[in-house]
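Visitor:
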Amino acid sequence: MRTIRLFPFHHREELQIGITYKFDFELNEFIKNMEGMRWSRTYSCFYLPYSYNNKKRIYHILRKIGAIIDYSALQNLKTGALESSQIQNSDLNQHQIEILQEFKNYLIGHRFSKSTLKTYTTFVQRFIEFQKENLDAITNRSIELFIEKEIAGKNYAVSTHRQCVSALKHFATLHRFPELEAEQIKSPRKSKYLPVVLSKEEVIDLLRATRNLKHRAIFALLYSSGLRVGEAISLKQKDMDIDRRQISIRSGKGRKDRVVIMAESFIPLLLNYLGTYRPQNYFIESPQGGPYSSSSIRAALHHACKLANIKKKVTPHTLRHSYATHMLENGIDLRHIQSLLGHSKPETTMIYTHVTQKELMKITSPLDVSLKALSNSDKKDENMRLSRNISD
């Protein structure tokens, strides 16, 4: 009996369901002809957009041909943020689809970003599916149950939980459900974790370990100019001014433009990359000529960290955190760093004052003080050296 494995992966900026199996011509033809099926040359597998409907459809169709379906990877899926699924791929009835489309139009009318539109619509769709036919009877307890089971119960991040509450509050504002008091819906407190930061030596080790020229150029840009990964993949060559050593970021987070510096040491790498890969429009392009995917950058960064023997949990945003922290350690004024990062509030930039080492390194541990005092005293102890091996 044939075994088929279903697994989640990011491709073309969306979450997909990948299908892998030991090659069999008849099975290959059967899967290829399934409605909506696509082939990824990058991942060498068939796939469909991730949605509950597609997951259920794949399972039932493949079970009919007697295959063993391994979908454990889909069961264990816990993403930091929920992914969008198309309205037409959902299990909603026509009335529910119209309600969801109305909410989507409301968000568009309020000029929410494409990313926020996608995220909020997904949350509300999940909520409508959870409620089934009881939309007119929504209460605060209905929302609490949804969050308990679908968000907190599935161990999503606090930031995802907060996004969900915000989406549902907007949904309640639009429809004014009689039994629902939107202002009573509580968000969990925002996490105040310090960002992971690489040392300057680790950054160099990472770049040296990255053999792929395209990936090395991306990592160097993220660190040397402090870009967000979304800004890097949407960056166009026309916005890179080598002569003035400037990069113009168009419509960054919060729909703001800004100018950042281009490191002088980055220019030879940039010219080598452009001459080798010859991208036509974007700074970094996919094989099809469109924007490169953020998931590919994350995968390449994970691989490079392994080669560089870096044990920290590193994401593309870690390079931006490292840029800001190292700038602060180099004596750059916090206001300039705020401008270069594109932060609206100085409080956001202030987080880097908690991770900079410059002032911390001036503080002496009481253990060092005690041992130094003892070594300088007249009562020198031969057993004072803590690094020695101690025998019984």
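Each residue of the sequence shown is one higher than the one before, counting from 1 in full-length UniProt numbering.
Where is the CB? At the ideal position from N, CA and C, for every residue including glycine.
A quick note: this is a predicted structure, and the numbers were derived from the prediction, not measured.
Just confirm the distance between the C-beta atoms of residue 167 and residue 120, as a whole number of angstroms; I'd bet it's less than 8 Å.
Guide: Indexing the sequence shown from 1 puts residue 167 at position 167. Indexing the sequence shown from 1 puts residue 120 at position 120. Correct: roughly 4 Å between the Cβ atoms.
Visitor: Span of the alpha helix (DSSP H) holding residue 314?
Guide: Walking along the sequence shown from the start, residue 314 turns up at place 314. Careful: residue 314 lies outside any alpha helix (DSSP H) and carries neither H nor E.
Visitor: Quick check on the DSSP output: what are the complete alpha helix (DSSP H) runs of length 4 or more inside the UniProt domain "Core-binding (CB)" (94–173), in order along the chain?
Guide: Entirely contained in the UniProt domain "Core-binding (CB)" (94–173), the alpha helix (DSSP H) runs reaching 4 residues are, in chain order, 94–109, 114–131 and 140–146.
Visitor: Closest to residue 172 by C-alpha separation, out of 158, 194 and 135, would be which residue?
Guide: Taking the sequence shown and counting its residues from 1, the one referred to as residue 172 is at position 172. Among 158, 194 and 135, the Cα nearest to that of residue 172 belongs to 135.
Visitor: Could you give the residue range of the alpha helix (DSSP H) that holds residue 60?
Guide: Counting from 1 along the sequence shown, the entry for residue 60 is found at position 60. Run containing residue 60: 52–64, per the alpha helix (DSSP H) assignment.
Visitor: Could you tell me the distance, in whole angstroms, from the CA atom of residue 174 to the CA atom of residue 191?
Guide: Working through the sequence shown from its first residue, we reach residue 174 at position 174. Working through the sequence shown from its first residue, we reach residue 191 at position 191. The alpha-carbon atoms of residue 174 and residue 191 are separated by roughly 29 Å.
Visitor: Among 365, 45 and 61, which one has its Cα closest to the Cα of residue 8?
Guide: In the sequence shown, counting from the first residue as 1, residue 8 sits at position 8. Ranking the options by Cα distance to residue 8, first place goes to 45.
Visitor: Applying the criterion that 16 or more other CB atoms from any shown protein chain within 10 Å of the CB defines a buried residue, is residue 54 buried or exposed?
Guide: Here the question's residue 54 lines up with position 54 in the sequence shown. By the 10 Å Cβ count, residue 54 comes out buried.
Visitor: Using a 10 Å radius around the Cβ and a threshold of 16 neighbouring Cβ atoms, would you call residue 234 buried or exposed?
Guide: In the sequence shown, the residue the question calls residue 234 occupies position 234. Answer is buried; the Cβ neighbour count reaches 16.
Visitor: Who are the near neighbours of residue 83 in its chain, counting only those whose CB is closer than 8 Å to its CB and skipping five residues on each side?
Guide: For the purposes of this step, residue 83 is taken as the residue at position 83 of the sequence shown. With a pLDDT of only 43 at residue 83, under the threshold of 50, the placement of this residue in the model should not be trusted; the figure read from the coordinates follows. Cβ within range, chain order: 14, 15, 50 and 122.
Visitor: Please report the distance separating the alpha-carbon of residue 263 from that of residue 225.
Guide: Here residue 263 refers to the residue found at position 263 when the sequence shown is read from its first residue. Here residue 225 refers to the residue found at position 225 when the sequence shown is read from its first residue. Distance between the alpha carbons of residue 263 and residue 225 is about 7 Å.
Visitor: Mapping DSSP to helix, strand and coil, what is residue 290?
Guide: Reading the sequence shown from its first residue, position 290 is the one you call residue 290. Three-state DSSP puts residue 290 in coil, outside helix and strand.
Visitor: I'd like the span of the alpha helix (DSSP H) that includes residue 11, first residue to last.
Guide: As a first step, residue 11 is located in the sequence shown; it is residue number 11 there, counting from the start. Note, residue 11: premise wrong, no alpha helix (DSSP H); beta strand (DSSP E) at 3–11.
Visitor: Identify whether residue 71 lies in helix, strand or coil by the three-state DSSP scheme.
Guide: The residue you call residue 71 lines up with position 71 of the sequence shown. DSSP places residue 71 in coil when its eight states are reduced to three.
Visitor: What is the residue span of the beta strand (DSSP E) that residue 260 lies within?
Guide: The residue labelled residue 260 in the question sits at position 260 within the sequence shown. Per DSSP, residue 260 belongs to the beta strand (DSSP E) from 256–261.
Visitor: Mind checking which residues open and close the alpha helix (DSSP H) that includes residue 279?
Guide: Here the question's residue 279 lines up with position 279 in the sequence shown. No alpha helix (DSSP H) contains residue 279, which DSSP labels as neither H nor E.
Visitor: Using DSSP with H/G/I as helix, E/B as strand and the rest coil, what is residue 49?
Guide: Here residue 49 refers to the residue found at position 49 of the sequence shown. Residue state, collapsed to three classes: strand.
Visitor: Check whether the region 205–212 and the region 302–317 touch, using three or more Cβ-Cβ pairs below 8 Å as the test.
Guide: Flag = yes, the region 205–212 and the region 302–317 touch.
Visitor: CB residue 239 to CB residue 228, shorter than 8 Å?
Guide: Position 239 of the sequence shown, counted from the start, is the residue given in the question as residue 239. Position 228 of the sequence shown, counted from the start, is the residue given in the question as residue 228. Going by C-beta atoms, residue 239 is not nearer than 8 Å to residue 228.
Visitor: At the level of alpha carbons, what is the spacing between residue 261 and residue 288?
Guide: Taking the first residue of the sequence shown as 1, we reach residue 261 at position 261. Taking the first residue of the sequence shown as 1, we reach residue 288 at position 288. So the two alpha carbons sit approximately 29 Å from each other.
Visitor: Determine the burial state of residue 86: buried for a count of at least 16 other Cβ atoms within 10 Å of its Cβ, exposed for fewer.
Guide: Along the sequence shown, read from residue 1 onward, the residue named residue 86 stands at position 86. With a pLDDT of 49 at residue 86, under the threshold of 50, the modelled position of that residue is not reliable, and no figure is offered here.
Visitor: So which of 164, 57, 294 and 328 has the shortest CA-CA distance to residue 150?
Guide: On the sequence shown, residue 150 is found 150 positions in, with the first residue counted as 1. Of the candidates 164, 57, 294 and 328, the one whose C-alpha sits nearest the C-alpha of residue 150 is 164.
Visitor: When burial is assigned at 16 or more other CB atoms within 10 Å of the CB, is residue 178 buried or exposed?
Guide: Here residue 178 refers to the residue found at position 178 of the sequence shown. So residue 178 counts as exposed.
Visitor: Go to residue 21, then tell me how far its beta strand (DSSP E) extends in each direction, as first and last residue.
Guide: Position 21 of the sequence shown, counting from 1, holds the residue named residue 21. Looking at the DSSP string, the run of the beta strand (DSSP E) that includes residue 21 is 14–21.
Visitor: So, helix, strand or coil for residue 85, using DSSP?
Guide: For the purposes of this step, residue 85 is taken as the residue at position 85 of the sequence shown. Unreliable positioning characterises residue 85 in this predicted model, as indicated by a pLDDT of 44, which lies under 50. The coordinate reading is nonetheless provided below. Residue state, collapsed to three classes: coil.
Visitor: Measure the alpha-carbon distance for residue 31 versus residue 256 and round it to whole angstroms.
Guide: Counted from its first residue, the sequence shown places residue 31 at position 31. Counted from its first residue, the sequence shown places residue 256 at position 256. So the alpha carbons of these two residues sit roughly 45 Å apart.
Visitor: Between the alpha carbons of residue 331 and residue 351, how many angstroms are there, rounded?
Guide: Within the sequence shown, numbered from 1, the residue matching residue 331 stands at position 331. Within the sequence shown, numbered from 1, the residue matching residue 351 stands at position 351. If I take the Cα positions, the gap works out to 16 Å.
Visitor: Look up residue 404 in the DSSP assignment and give the residues it is bridged to.
Guide: This structure cannot settle anything about residue 404, because the visible part of the chain is limited to 1 through 392.
Visitor: Thinking C-alpha only, which one of 308, 17, 363 and 369 is nearest residue 199?
Guide: For the purposes of this step, residue 199 is identified with residue 199 of the sequence shown, where counting begins at 1. Out of 308, 17, 363 and 369, 308 has the C-alpha closest to the C-alpha of residue 199.
Visitor: Would residue 338 be called buried (16 or more neighbouring beta carbons within 10 Å of its own) or exposed?
Guide: For this step, residue 338 is matched to residue 338 along the sequence shown. Flag for residue 338 reads buried.
Visitor: From this set, 230, 231 and 268, which residue's C-alpha is nearest residue 245's C-alpha?
Guide: Taking the first residue of the sequence shown as position 1, residue 245 is located at position 245. Of the listed residues, the one whose Cα sits closest to residue 245 is 268.
Visitor: Under 8 Å by Cβ, that's how I've got residue 68 and residue 111 pegged, so tell me the actual separation to the nearest angstrom.
Guide: Working through the sequence shown from its first residue, we reach residue 68 at position 68. Working through the sequence shown from its first residue, we reach residue 111 at position 111. Between residue 111 and residue 68 the Cβ distance is about 49 Å, and since that is not below 8 Å, they are no contact.
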